[in-house]
Amino acid sequence: PHQEHPPLCTVFIALQDITTQMGPTSFIPRSHTAEAHAVFNEGVPQRDRFLQQNQSVVALLQAGDASLFDSRTMHCGGANEAREGATRVLLYLSFRNPRATGSIGNVGSLLPGIPHTTLRDLRTKLAAAAVPGGPDPFDDGREGARDALRTLRLAAARGDARAQLELGIKYYLGEGGVGEAQPAEAARWFERAAAQGLAHAQFNLGFCYSVGAGVSPDPERAIELFRLAAEQEHPGAKDAYEEARSEHEKDMPGDRTS
Numbered sequence: 076p077h078q079e080h081p082p083l084c085t086v087f088i089a090l091q092d093i094t095t096q097m098g099p100t101s102f103i104p105r106s107h108t109a110e111a112h113a114v115f116n117e118g119v120p121q122r123d124r125f126l127q128q129n130q131s132v133v134a135l136l137q138a139g140d141a142s143l144f145d146s147r148t149m150h151c152g153g154a155n156e157a158r159e160g161a162t163r164v165l166l167y168l169s170f171r172n173p174r175a176t177g178s179i180g181n182v183g184s185l186l187p188g189i190p191h192t193t194l195r196d197l198r199t200k201l202a203a204a205a206v207p208g209g210p211d212p213f214d215d216g217r218e219g220a221r222d223a224l225r226t227l228r229l230a231a232a233r234g235d236a237r238a239q240l241e242l243g244i245k246y247y248l249g250e251g252g253v254g255e256a257q258p259a260e261a262a263r264w265f266e267r268a269a270a271q272g273l274a275h276a277q278f279n280l281g282f283c284y285s286v287g288a289g290v291s292p293d294p295e296r297a298i299e300l301f302r303l304a305a306e307q308e309h310p311g312a313k314d315a316y317e318e319a320r321s322e323h324e325k326d327m328p329g330d331r332t333s
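Under my numbering, the letters of the sequence shown match residues 76 to 333, in that order.
What follows is the structure, given as structure tokens:
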């Protein structure tokens, strides 16, 4: 729900020139208000109409430029074009507002599988990235990926819910050194993290049950998981819950009279 005070102030600092093909962030000005959020959350038709009627601003930042915004402002990333697109590198920082006492929907922390880096390391990699035809300095190589995956698996096995979620995502997408996509293994790790109350894991597991990815389709289980995630204000969970419940009700046989 909308909060009187901004729970977070966020800044995106461009570490390279951001082009349209990279899928830059779009913002809807003056969408941080309670009135705007009420319309946006009223339902899918009202949301679509709101997006059509309110123009967005695209953050085409040059290297060193920054976008500083109230986190309540509606924003999203664009599509990275297949032909001319490229990875965009941003320094992304969020600052918690001590005056805001409501939930922010997530916990700010680095996942166990993410290697730490320094600004000096980052500056060196960016300089290397500017050399035409050179190797990708942000590709840490297979050995680094194996080490990161090993660390993530250990943390997940110890019961770290966020590590379990991240590991499940890697298995679902088939990336990060796990090999081909393995939906069943992904669902198994989502299940463990969801059992610990992690909203994003509940949402992901609900999706698996709704489409039968790695598990047998179970609409009722999906609805319950979406509901649990929505209660923790997970973005998108409320819509997923309402849509899944609506579809399930359509599939339920009605009363028949002869």
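We put the CB at the ideal spot given by N, CA and C, even for glycine.
Cβ separation of residue 91 and residue 163, assumed to be a contact under 8 Å, to the nearest whole Å:
In the sequence shown, residue 91 corresponds to position 16, counting from 1. In the sequence shown, residue 163 corresponds to position 88, counting from 1. Residue 91 to residue 163, Cβ: 7 Å. Contact.
Could you give the uninterrupted runs of the alpha helix (DSSP H) lying entirely in the region 228-292, keeping only those of 4 residues or more?
236-248, 258-270, 274-286
Short of 8 Å in beta carbon distance, which residues of its chain neighbour residue 41, apart from the five on each side in sequence? Order them along the chain.
Limits of the chain in this structure are 76 at one end and 333 at the other, which puts residue 41 out of reach.
Looking at residue 230: is its Cβ nearer than 8 Å to the Cβ of residue 274?
As a working mapping, residue 230 is identified with position 155 in the sequence shown. As a working mapping, residue 274 is identified with position 199 in the sequence shown. No, they are not a contact pair.
Less than 8 Å between the C-beta atoms of residue 268 and residue 247, yes or no?
In the sequence shown, the residue the question calls residue 268 occupies position 193. In the sequence shown, the residue the question calls residue 247 occupies position 172. No, Cβ-Cβ distance for residue 268 and residue 247 is not below 8 Å.
Where does residue 201 fall in DSSP's three states?
Counted from its first residue, the sequence shown places residue 201 at position 126. DSSP places residue 201 in helix when its eight states are reduced to three.
What residue does the beta strand (DSSP E) around residue 88 start on, and which one ends it?
Taking the first residue of the sequence shown as position 1, residue 88 is located at position 13. Unbroken beta strand (DSSP E) run through residue 88: 83-89.
Put residue 163 into one of helix, strand or coil per three-state DSSP.
Looking up residue 163 in the sequence shown gives position 88. Coil at residue 163, not helix or strand.
Leaving out five residues on either side along the sequence, give the residues of the same chain with a beta carbon under 7 Å from the beta carbon of residue 331.
The residue labelled residue 331 in the question sits at position 256 within the sequence shown. Caution applies to residue 331, whose pLDDT of 43 falls short of 50 and renders its modelled position unreliable; the model cannot decide the point.
Indicate whether residue 80 and residue 112 have their beta-carbon atoms separated by less than 8 Å.
The residue labelled residue 80 in the question sits at position 5 within the sequence shown. The residue labelled residue 112 in the question sits at position 37 within the sequence shown. No, the Cβ-Cβ distance between residue 80 and residue 112 is not below 8 Å.
Should residue 327 be labelled buried (16 or more other beta-carbon atoms within 10 Å of its own) or exposed?
If you number the sequence shown from 1, residue 327 lands on position 252. Classification for residue 327: exposed.
By how many angstroms is the C-alpha of residue 100 removed from the C-alpha of residue 89?
By one-based count along the sequence shown, residue 89 stands at place 14. By one-based count along the sequence shown, residue 100 stands at place 25. If you take the alpha carbons of residue 89 and residue 100, they lie about 11 Å apart.
Around the C-beta of residue 321, are 16 or more other C-beta atoms found within 10 angstroms, so that it is buried, or is it exposed?
In the sequence shown, residue 321 corresponds to position 246, counting from 1. So residue 321 ends up on the exposed side.
Using three-state DSSP, classify residue 226 as helix, strand or coil.
Taking the first residue of the sequence shown as 1, we reach residue 226 at position 151. Three-state DSSP puts residue 226 in a helix.
Can you give me the Cβ contacts of residue 165 inside the same chain, cut-off strictly under 7 Å, excluding the 5 residues immediately before and after it?
For the purposes of this step, residue 165 is taken as the residue at position 90 of the sequence shown. Around residue 165: 87, 88, 89, 90.
Apply the 10 Å Cβ neighbour rule to residue 316 and answer buried if 16 or more other Cβ atoms are within range, or exposed otherwise.
The residue labelled residue 316 in the question sits at position 241 within the sequence shown. When all chains shown are included, residue 316 counts as buried.
Quick one: grab the DSSP three-state call for residue 143.
Walking along the sequence shown from the start, residue 143 turns up at place 68. Residue state, collapsed to three classes: strand.
Identity of the residue in 282, 207, 95, 176 nearest residue 158 by Cα
In the sequence shown, the residue the question calls residue 158 occupies position 83. Of the listed residues, the one whose Cα sits closest to residue 158 is 95.
Reference residue 154; option with closest CA among 97, 134, 141:
Looking up residue 154 in the sequence shown gives position 79. Nearest of 97, 134, 141 to residue 154, Cα basis: 97.
Could you give the distance in angstroms between the alpha-carbon of residue 333 and the alpha-carbon of residue 119?
If you number the sequence shown from 1, residue 333 lands on position 258. If you number the sequence shown from 1, residue 119 lands on position 44. At residue 333, the pLDDT of 38 sits below 50, so the modelled position is not reliable; the number obtained from the coordinates is stated separately. Roughly 37 Å separates the two Cα atoms.
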